[in-house]
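Colleague: Just so we're aligned, residue 10 is where the sequence shown starts under our numbering, counting upward by one. Idealized CB from N, CA, C, for every residue including glycine. Note that this is a predicted model, so its numbers are computed, not measured. This structure is in structure tokens; I'll ask about it shortly.
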Amino acid sequence: MNEITDFFRTAEPAEARETLEFMLHECSLDQAPDRATVALWQTLLHERGGRFAALAALCRDWLETEQP
């Protein structure tokens, strides 16, 4: 997951959205992020601000609805 976390630090909003949606909703279970990773992504995207705020909200929503 470190590569994806690094990607979120530099990606354009559209690229980040596409990757985030895949990781949260479409990837196989063996590729799926854990709650701690999604929380890290939420913080990182929130700190980037602007158009990344909506992506941070996607992470927050996933954390609120996903079973532990």
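Going by DSSP in three states, E35 sits in which element: helix, strand or coil?
Modeller: Translated into the one-based positions of the sequence shown, residue 35 becomes position 26. Helix at E35.
Colleague: Along the chain, where does the alpha helix (DSSP H) containing D15 start, and where does it finish?
Modeller: Taking the sequence shown and counting its residues from 1, one reaches residue 15 at position 6. Here the alpha helix (DSSP H) through D15 covers N11 to T19.
Colleague: Going by DSSP in three states, Q40 sits in which element: helix, strand or coil?
Modeller: Walking along the sequence shown from the start, residue 40 turns up at place 31. Note: Q40 maps to coil in three-state DSSP.
Colleague: Around the Cβ of F61, are there at least 16 other Cβ atoms within 10 angstroms (buried) or fewer (exposed)?
Modeller: Residue 61 sits at position 52 when you count from the first residue of the sequence shown. Buried, because 16 or more other Cβ atoms sit within 10 Å of the Cβ of F61.
Colleague: Along the chain, where does the alpha helix (DSSP H) that runs through R69 open and close?
Modeller: For the purposes of this step, residue 69 is taken as the residue at position 60 of the sequence shown. Per DSSP, R69 belongs to the alpha helix (DSSP H) from A62 to T74.
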